[in-house]
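Residue numbers (the working numbering): 1 to 317. For each residue, glycine too, the CB sits at the ideal point set by N, CA and C. Source: prediction; values computed, not measured.
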C-alpha cells in the first residue's frame, strides 16, 4: 500500500460528509486547481470527512487512472485534517472490482467504499452478494477500513438486515451510506450497528434531521455541495434554537428537491458563481441544463438567498 496510507487521520467517518464533485475544464479534463479550492471550501464549511470518487464525482465516467489520481489528490490536499474515503467501484466483474478497490486503497484514503449493487449485479439475492463480498474481502488489504454505499446507479440495491449484519460481523466496515430514504430503516440499521465500528450515514435530505435525532451518525447527501455548514449546525447546535432548527430543517428539505434539476451541473453552477471553479462541464450530462430546466437560475437564486439568510440568523445567535 502507498506510504501515504500510514499517515492518514484515524478519526471516525461520521458527521457531515460531502459526496465530492469533480470539476472539469471545458475540454473535459479534470480541473485540479478548482478541485483544490473545492476541498478548502468543504473544510471551511465544517465538513467532518470527505467522500471522494463517488457518484457525485461522476465516477462511472472516469477512467481507472483518473479515479486513482483523483483519490490521491484529495488525500494529499486534505493532509490529514479530516478522514477521506474513496470508492470508484463501478465494475461488475469481480477481478476488475478488486483492481478498482485496491487502487482506491493505494491512494492513502481513510477507507475504501464498496458499492452494493456491484456485489449482486444480476439481482440474484443474498447468496450472490455474500459470495462476492467474501471474495473481494480476501483480495483487499486487511488493514484498510471499508464502507458500503447503496449507490442508485445502475440500480439501488438496499442491504437486507442479514447482509448488513454479515458485513458488521467481519469487523472491517466503518460506514454505510444509507440510501433507503426511510426513517424506520435507518433506525433499524442504527440498532443493528450499535456497539460496532460501523456508522450509519443517511443520504436523504427529507429525513436528514430526523435520522440524526434517531441515531444516524451524520449526513452524506448531495446537498452537502451547497450548504454543509447548515447541516452541521443542525447536527451539532440545533438545541441552541429549536424553532430555528425546525425552520432550517424544512428549508433544507425543500432546497434538496431541486436535485432533479440537472445535478451535478446544478451544484457546479453554484460553485461557478462563488468562484470555486470556472466550468460547469459534466461528463454525466450531455445536454444544456438551462435549456432543459427552465428558470433553473431563478431556483438557484432562491436556494442561495435562503442559505445566506439562515447563515446570518445562525451567526446572530
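Inspect the beta-carbon positions of residue i and residue j and report whether they are closer than 8 angstroms.
i	j	result
residue 264	residue 58	yes
residue 53	residue 38	no
residue 111	residue 85	yes
residue 209	residue 314	no
residue 159	residue 148	yes
residue 21	residue 63	no
residue 87	residue 104	yes
residue 132	residue 94	yes
residue 217	residue 183	no
residue 13	residue 115	no
residue 292	residue 262	yes
residue 259	residue 222	yes
residue 177	residue 150	yes
residue 78	residue 48	no
residue 181	residue 207	yes
residue 169	residue 192	no
residue 143	residue 118	no
residue 72	residue 125	no
residue 172	residue 130	no
What is the DSSP secondary structure of residue i, reduced to helix, strand or coil?
i	result
residue 134	helix
residue 50	strand
residue 225	helix
residue 198	coil
residue 218	strand
residue 297	helix
residue 306	helix
residue 277	coil
residue 316	coil
residue 85	strand
residue 30	strand
residue 311	helix
residue 38	helix
residue 189	helix
residue 207	helix
residue 57	helix
residue 4	Confidence is the limiting factor: at residue 4 the pLDDT is only 41, short of 50, which leaves the residue's position unreliable and the question unanswerable from this model.
residue 287	coil
residue 159	coil
residue 104	helix
residue 263	coil
residue 95	helix
residue 282	coil
residue 184	helix
residue 242	helix
residue 123	coil
residue 64	helix
residue 168	helix
residue 45	coil
residue 69	helix
Who pairs with residue i in a beta bridge, going by DSSP?
i	result
residue 148	114 and 176
residue 16	219
residue 24	30
If residue i sits next to residue j, beta carbons under 8 angstroms apart, how far is it from one beta carbon to the other, in whole angstroms?
i	j	result
residue 51	residue 220	6 angstroms
residue 23	residue 225	Contact flag wrong, Cβ pair sits at about 11 angstroms.
residue 317	residue 240	6 angstroms
residue 266	residue 230	No, residue 266 and residue 230 are not in contact; Cβ-Cβ is about 17 angstroms, not under 8 angstroms.
residue 245	residue 236	Wrong, their Cβ atoms sit about 11 angstroms apart, outside the cutoff.
residue 26	residue 189	Actually they are not in contact, since the Cβ atoms of residue 26 and residue 189 sit about 42 angstroms apart, beyond 8 angstroms.
residue 156	residue 179	6 angstroms
residue 276	residue 41	6 angstroms
residue 31	residue 279	7 angstroms
residue 46	residue 16	6 angstroms
Beta-carbon of residue i versus every beta-carbon of chain C: anything under 8 angstroms?
i	result
residue 73	Looking for chain C here will not work: only one protein chain is present.
Check whether the Cβ of residue i sits closer than 7 angstroms to any heavy atom of the ligand NAP, and report yes or no.
i	result
residue 39	With respect to small molecules bound, the structure shown includes none, and the ligand NAP cannot be examined in it.
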